[in-house]
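Chains as they are written, first to last, in the numbering used here: chain F, 37 to 550; chain A, 224 to 338. Let me begin by presenting the structure, written as structure tokens, before commenting on it.
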Amino acid sequence: MNLVPLFVAIPLGAAFLIPMIGFWWKKSGEVLSTLSMVALSVMALASIGAPAVVHHMGGWAAPKGIAIVADGLSVLLLVAVNVIGLLCIIFSLKYMREYTGLPKYYGLFMLMVAGMNGVVLSGDLFNLFVFLEIASVASYALVAFGVEADELEAGFKYLILGSVASVMILFAVGTVYAVTGSLNMADVSRTIAAEWAGTEMNPALLLAAALFLMGFSLKAALVPFHAWLPDAHPSAPAPISAMLSGVVIKSLGVYAICRVFFNVFGFAATSPGSVIIANSMIGFSVLSIVVGGLAAVGQWDLKRLLAYSSIGQIGYVTLGLGVGARVLATGESTTLAALAIFGGLFHLVNHAAFKSLLFLSSGAIQSATGTRDMKLLGGLKERMPITATTTNLAALSIAGVPPFSGFWSKLIIIVAVVRAGHFGIGAVAIAMAFVTLVYYVKVQKSVLFGDVGRSVEQAREVSPAMYVPLVLLAVVCVGFGILAVTQPAIGERMLGPARDVLLNSAEYVKLVLG
Amino acid sequence: MTVYFLCVVLLTMGLYCLVAKKNIVKKVIGIVIMEYAVNLYLIIVGYKTGGVAPIVEPGMGETALERFVDPLPQALVLTSIVIGLGVLALMVSMCIRLYEKHGTFDMSHISKLRG
Numbered sequence: 037m038n039l040v041p042l043f044v045a046i047p048l049g050a051a052f053l054i055p056m057i058g059f060w061w062k063k064s065g066e067v068l069s070t071l072s073m074v075a076l077s078v079m080a081l082a083s084i085g086a087p088a089v090v091h092h093m094g095g096w097a098a099p100k101g102i103a104i105v106a107d108g109l110s111v112l113l114l115v116a117v118n119v120i121g122l123l124c125i126i127f128s129l130k131y132m133r134e135y136t137g138l139p140k141y142y143g144l145f146m147l148m149v150a151g152m153n154g155v156v157l158s159g160d161l162f163n164l165f166v167f168l169e170i171a172s173v174a175s176y177a178l179v180a181f182g183v184e185a186d187e188l189e190a191g192f193k194y195l196i197l198g199s200v201a202s203v204m205i206l207f208a209v210g211t212v213y214a215v216t217g218s219l220n221m222a223d224v225s226r227t228i229a230a231e232w233a234g235t236e237m238n239p240a241l242l243l244a245a246a247l248f249l250m251g252f253s254l255k256a257a258l259v260p261f262h263a264w265l266p267d268a269h270p271s272a273p274a275p276i277s278a279m280l281s282g283v284v285i286k287s288l289g290v291y292a293i294c295r296v297f298f299n300v301f302g303f304a305a306t307s308p309g310s311v312i313i314a315n316s317m318i319g320f321s322v323l324s325i326v327v328g329g330l331a332a333v334g335q336w337d338l339k340r341l342l343a344y345s346s347i348g349q350i351g352y353v354t355l356g357l358g359v360g361a362r363v364l365a366t367g368e369s370t371t372l373a374a375l376a377i378f379g380g381l382f383h384l385v386n387h388a389a390f391k392s393l394l395f396l397s398s399g400a401i402q403s404a405t406g407t408r409d410m411k412l413l414g415g416l417k418e419r420m421p422i423t424a425t426t427t428n429l430a431a432l433s434i435a436g437v438p439p440f441s442g443f444w445s446k447l448i449i450i451v452a453v454v455r456a457g458h459f460g461i462g463a464v465a466i467a468m469a470f471v472t473l474v475y476y477v478k479v480q481k482s483v484l485f486g487d488v489g490r491s492v493e494q495a496r497e498v499s500p501a502m503y504v505p506l507v508l509l510a511v512v513c514v515g516f517g518i519l520a521v522t523q524p525a526i527g528e529r530m531l532g533p534a535r536d537v538l539l540n541s542a543e544y545v546k547l548v549l550g
Numbered sequence: 224m225t226v227y228f229l230c231v232v233l234l235t236m237g238l239y240c241l242v243a244k245k246n247i248v249k250k251v252i253g254i255v256i257m258e259y260a261v262n263l264y265l266i267i268v269g270y271k272t273g274g275v276a277p278i279v280e281p282g283m284g285e286t287a288l289e290r291f292v293d294p295l296p297q298a299l300v301l302t303s304i305v306i307g308l309g310v311l312a313l314m315v316s317m318c319i320r321l322y323e324k325h326g327t328f329d330m331s332h333i334s335k336l337r338g
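This is the structure in structure tokens:
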């Protein structure tokens with residue numbers, strides 16, 4: 037039996053049931069969402085390494101019917117979304133007790149997961165848009181969940197900019213439909229391969245590509261579309277910040293960019309359009325790395341610092357992918373493109389692990405000390421040894437200190453950038469990697485070590501329900517770093533299929549249309 | 224061609240309203256205008272002068288197929304209107320909450336966060 041549609045059906049059903057049952061049974065959210073996230077994580081982990089699955093909804097064959105495609109790239113994102121979702125739910129069980137309206141929280145959380153799973157599984161441009169909206173609407177509401185002045189303002193900003201992005205994406209979907217007469221990604225890809233590859237470009241397709249890039253970059257918070265993120269991510273409750281920074285910007289932004297540009301538009305060697313897109317991706321990435329990194333250094337609010345750091349790190353992910361795209365578009369060696377894309381995807385997974393760990397840690401710190409102002413914190417190592425250790429591991433990992441995972445992914449990206457001949461960009465990427473180190477040293481110095489801060493004196497270690505997810509994520513961070521060196525085969529098994537999907541759009545067409 | 228142009232003009236008007244107006248309710252109206260411009264665009268994509276509803280009846284010749292309008296964009300627009308309604312409800316409820324907190328709809332008085 038084909039279980040792939042359950043990735044959307046389970047969380048959607050849970051999102052519907054939780055607020056309804058929650059009317060009578062206050063614990064409905066905790067129980068149902070934990071159960072469904074456990075089921076989803078097991079299903080996602082079980083599909084690693086399995087052959088790609090195409091499910092035709094209602095038995096209608098691909099170009100006419102709606103296809104659900106679980107190939108290597110989708111599975112990679114499914115694992116990230118559902119495993120981190122599960123850990124965030126476990127963290128929420130204790131952390132969210134101080135809020136009211138919990139069934140609504142868990143309902144929205146499951147709706148967000150349903151939307152993200154739908155986005156990564158959709159084989160159809162319009163369904164991609166619909167699921168994107170489901171995930172976005174749920175995340176707007178979750179950002180404003182505290183309904184205090186700050187949360188509302190951040191949520192409203194996010195809502196307005198997110199809606200603009202959605203309008204642009206719908207406009208692009210309409211344009212693609214007008215040009216190709218189809219919405220199925222594989223079918224569109226086949227049509228575009230003929231239209232787009234020639235030296236004469238179809239201007240309508242270029243418009244659609246520009247609108248897609250703008251819309252998805254807004255969702256991924258690449259500079260210059262990042263204005264909402266530094267407000268929205270810190271204002272949300274900590275597990276939601278972890279979800280937003282850890283997986284939402286990746287599945288709605290980076291994944292959608294990958295799927296639409298690599299698989300639908302394709303980076304054909306002869307097309308001038310694909311070089312333009314690849315260059316803009318690289319441009320946005322470099323801007324994000326620089327602006328996100330430099331802005332993070334000046335922050336004293338722990339969560340704001342992490343939010344700016346997300347912008348910078350997403351820049352590294354798209355830099356890897358963008359350089360890979362450019363190499364494909366100019367028709368240089370495929371192995372170099374494969375290396376760059378591998379680096380980008382590896383950093384995507386790493387960032388999902390360590391950034392959600394850092395946001396969850398910031399939640400644990402805030403819940404124990406009552407503040408996230410770094411000037412009031414300090415010496416956390418003395419009072420909260422477990423949280424401090426996990427935070428430290430994540431900070432070392434994201435800063436790119438050698439044995440940890442963040443070092444290897446950044447190294448691969450920078451090697452690929454330099455081998456592709458972009459020496460200037462490589463230099464910027466290396467310089468900003470040191471800036472990353474600077475602001476995480478700042479976190480270590482003012483939060484973890486040093487004198488015990490005023491707010492920390494009364495602090496006690498958080499309960500196991502809160503530190504277990506932190507420890508698990510820390511194990512993932514360290515584990516990825518060690519496995520990357522000792523067992524390259526495992527990395528290949530996890531990331532290889534995803535990379536191959538991006539490298540070869542003809543394979544994707546063949547997979548879906550048969 | 225003119226209709227497409229006018230459609231983009233409508234989109235730009237919505238964007239202008241969103242960017243230039245300080246009142247958050249007017250910003251919401253700007254978003255709605257943009258959404259409706261895109262919905263209109265989708266309808267125009269599927270429109271055909273003198274077209275008929277795409278329902279096959281017995282006795283219809285092959286030529287009838289030529290006159291059918293494309294039904295898919297209409298289905299897309301229906302979905303998109305429903306999504307738009309949901310987002311609008313959320314936007315308006317957030318406006319009401321913001322008004323309760325700040326006593327004003329003016330965005331320049333609401334900005335505590337710095338972006």
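Ideal Cβ positions, reconstructed from N, Cα and C, are used throughout, including at glycine. A quick note: this is a predicted structure, and the numbers were derived from the prediction, not measured.
According to DSSP, what are the bridge partners of F/H91?
F/I104
In chain order, which alpha helix (DSSP H) runs of at least 4 residues are fully inside the region 312-392 of chain F?
338-366
F/L342 versus F/I170: straight-line alpha-carbon distance, rounded
26 Å
Which residues, in order along the region 250-263 of chain A, keep a beta-carbon less than 7 Å from a beta-carbon of chain F?
K250, I254, M257, E258, V261
Output, in chain order, the set of chain F residues within a Cβ distance shorter than 7 Å of A/S331.
Result: empty, since nearest Cβ-Cβ is about 12 Å, beyond 7 Å.
State the Cα-Cα distance for the pair F/L112 and A/S316, rounded to the nearest angstrom.
36 Å
Is there a C-beta anywhere in chain F that falls below 7 Å from the one on A/V268?
At least one CB of chain F lies nearer than 7 Å to the CB of A/V268.
Specify the secondary structure class of F/N540 as computed by DSSP and reduced to three states.
coil
Could you list which residues in chain F have their beta carbon closer than 9 Å to that of A/L288, in chain order?
Per Cβ cutoff of 9 Å: no residues; A/L288 is ~15 Å from chain F at best.
For F/V209, does the three-state DSSP call read helix, strand or coil?
helix
Length of the line joining the Cα atoms of F/Y352 and F/V454:
Each residue's Cα considered, the two are about 14 Å apart.
What are the boundary residues of the alpha helix (DSSP H) that includes F/V477?
459-479
Could you tell me how far apart the beta carbons of F/I401 and F/L412 are, in whole angstroms, since I believe they sit closer than 8 Å?
By a beta-carbon distance limit of 8 Å, F/I401 does not contact F/L412. Their separation comes to about 11 Å.
Any Cβ of chain F within less than 7 Å of the Cβ of A/L265?
yes
Counting pairs of Cβ atoms below 8 Å between the region 161-178 of chain F and the region 59-72 of chain F, do you hit three or more?
no
Please report the residue range of the alpha helix (DSSP H) in which F/T426 lies.
421-435
Tell me which residue opens and which closes the alpha helix (DSSP H) that A/C230 is part of.
225-243
Over what stretch of residues does the alpha helix (DSSP H) that includes F/S307 continue unbroken?
Neither: F/S307 is in no alpha helix (DSSP H) and is coded neither H nor E.
Does the CB of A/V226 have a neighbour CB from chain F at under 7 Å?
no
With a cut-off of 8 Å on the beta carbons, I'd call F/L258 and F/S321 a contact; round off their distance for me.
7 Å
May I ask you to report which of helix, strand or coil DSSP gives F/N153?
helix
Beta-carbon proximity list for F/T216, same chain, < 6 Å, skipping 5 on both sides
V224, T227
For F/V155, which residues of its own chain have a beta-carbon under 8 Å away from its beta-carbon, when the five flanking residues on both sides are left out?
L164, F167, L168, A171, S287, L288, Y291, A292
Please tell me whether A/L263 and A/C230 are closer than 7 Å, where the distance is taken between their beta carbons.
yes
Measuring only the C-alpha atoms, how far is F/I449 from F/V359?
Straight-line Cα distance between these residues: approximately 9 Å.
Anyone know if the C-beta pair for F/V203 and A/M283 falls short of 7 Å?
no
Can you give me, in chain order, the residues of the region 182-208 of chain F that have a beta carbon less than 9 Å from any beta carbon in chain A?
V183, E184, A185, D186, L188, E189, A190, G191, F192, K193, L195, I196, G198, S199, V200, S202, V203, M204, L206, F207
Excluding the five sequence neighbours on either side, which residues of its own chain have a C-beta within less than 6 Å of the C-beta of F/N38, listed in chain order?
H91
In the structure shown, what three-state DSSP assignment does F/S175 receive?
In the three-state reduction of the DSSP assignment, F/S175 falls in the helix class.
Terminal residues of the alpha helix (DSSP H) in which F/A45 lies:
42-57
Do F/A452 and F/L375 have their C-beta atoms within less than 7 Å of each other?
yes
Do the region 386-393 of chain F and the region 501-509 of chain F make contact, defined as three or more Cβ pairs closer than 8 Å?
yes
Which residues, in order along the region 282-316 of chain A, keep a beta-carbon less than 8 Å from a beta-carbon of chain F?
L295, P296, L299, T302, S303, I306, G309, V310, L313, M314
Helix, strand or coil: which one does DSSP assign to F/S158?
strand
Does F/N220 come out as helix, strand or coil in the three-state DSSP assignment?
strand
Can you give me, in chain order, the residues of the region 327-346 of chain F that have a beta carbon less than 8 Å from any beta carbon in chain A?
none
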